[in-house]
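Asker: Going letter by letter, the sequence shown gives residues 86 to 213 in this note's numbering. Have a look at the structure that comes next, please.
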Amino acid sequence: MWTALVGPIADLAGTWLNGKVEKQKAKNEVAVATAKAEAVVMQKKATGEIDWDLKMADASASSWKDEWLTIIFSVPLVLSFCGDWGRQIVADGFEALATMPQWYQYTLGVIVAASFGVRSATKFFGKK
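Right, dumping it as structure tokens:
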């Protein structure tokens, strides 16, 4: 008699336990699939950034843009060593730039960042 009663209860408990195991398996499979998808996205992002850097390096190989900006940014540096008249020219120039519209100042920043690398510029200014 006890076996007739224990058998169905054991079957019920076994079915319940199997259901819990299957549910946990499904949760684990979802977690693994999500982690794999995130890894693929991160890999593609890293590859895209590297590809972009390579393309930009190839494009600027025959360009004078970087050299031009380097010369322009060197002028105030050189004038600063030319006595009071040079320092006055630099001070007057920066004062004039400070009065320019903000959109113009931002545009200059974007031009420099694009030329020398946006990520390099943002790292320089402490952003990631």
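In this text, a Cβ means the ideal position worked out from N, Cα and C, and glycines have one as well.
Would DSSP call P186 helix, strand or coil?
Answerer: Sequence index remark: in the sequence shown, residue 186 carries index 101 (1-based). Note: P186 maps to coil in three-state DSSP.
Asker: Do the region 175 to 185 and the region 154 to 165 touch if we need at least three Cβ pairs shorter than 8 Å?
Answerer: They touch, by the three-pair rule.
Asker: Using the Cα positions of K121 and Q109, report the straight-line distance between them to the nearest angstrom.
Answerer: Your numbering for residue 121 matches position 36 in the sequence shown. Your numbering for residue 109 matches position 24 in the sequence shown. Their backbone Cα atoms lie some 18 Å apart in a straight line.
Asker: Where do the N-terminal and C-terminal ends of the alpha helix (DSSP H) with W153 fall, by residue?
Answerer: If you number the sequence shown from 1, residue 153 lands on position 68. First-last of the alpha helix (DSSP H) with W153: 150 to 164.
Asker: Would you report the Cα separation of E107 and V117, rounded to the nearest angstrom?
Answerer: As a position in the sequence shown, residue 107 is number 22, starting the count at 1. As a position in the sequence shown, residue 117 is number 32, starting the count at 1. Rounded to the nearest angstrom, the two C-alpha atoms are 15 Å apart.
Asker: Shortest alpha-carbon distance to T155 belongs to which of N103, F201, E114?
Answerer: As a working note, residue 155 is residue 70 in the sequence shown. Closest option to T155, Cα to Cα, is F201.
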